[in-house]
Amino acid sequence: MRLQLEWLRKLPAAAALALAAAPCTAHVPSVQECREGSEFILHAAQARDAGATREFFIGRLQSDLVAIRAFPRSLRWFAQDASDEALLTGAAEAVFDVPRRAELHQSAFLSACVKRIEEAGR
Numbered sequence: 126m127r128l129q130l131e132w133l134r135k136l137p138a139a140a141a142l143a144l145a146a147a148p149c150t151a152h153v154p155s156v157q158e159c160r161e162g163s164e165f166i167l168h169a170a171q172a173r174d175a176g177a178t179r180e181f182f183i184g185r186l187q188s189d190l191v192a193i194r195a196f197p198r199s200l201r202w203f204a205q206d207a208s209d210e211a212l213l214t215g216a217a218e219a220v221f222d223v224p225r226r227a228e229l230h231q232s233a234f235l236s237a238c239v240k241r242i243e244e245a246g247r
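Mapping to this note's numbering: the sequence shown position 48 is 173, numbers consecutive.
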């Protein structure tokens, strides 16, 4: 009986170790997710044009990304991993750092996102 209890106590640690050792694959967005992400970037540029500051918008995005991490990857929208977050954040920062027409920012994000899909297929 004592050996069985000792084994049960070690089970959570063993499970955690197995999960940590499992290969972690990067999220490959779907075309639909790329479209939705591009709409987010379009809206970011529209918010900029309406007077939103970089500090406000990027700050809000960062806090939203932190909150999203509390959910399992399968329940998250676009930002399922660090590379997704970097793509979305970089595009949002460009909206404020290199202002262009909203549609140009949207198109640039869509192109970058679709490129990720193509590279994953290689």
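Beta carbons are placed, not taken as given, at the ideal position from N, Cα and C, and that holds for glycine.
query, result
"Host alpha helix (DSSP H) of Ser232 (start-end)", "Ala227 to Ala245"
"Option in Arg241, Glu243, Gly246 and Glu158 with minimal Cα separation from Ser199", "Glu158"
"As assigned by DSSP and simplified to three states, the class of Phe196", "coil"
"Limits of the alpha helix (DSSP H) - the one that His168 falls within", "Val156 to Asp174"
"Short Cβ contact (9 Å threshold) for Gly162 with Leu212", "yes"
"Terminal residues of the alpha helix (DSSP H) in which Asp222 lies", "Ala207 to Asp222"
"Through-space distance from His168 to Phe203, alpha-carbon basis", "15 Å"
"Short Cβ contact (9 Å threshold) for Phe221 with Ile183", "yes"
"Inter-residue Cα distance where the pair is Arg194 and Phe165", "18 Å"
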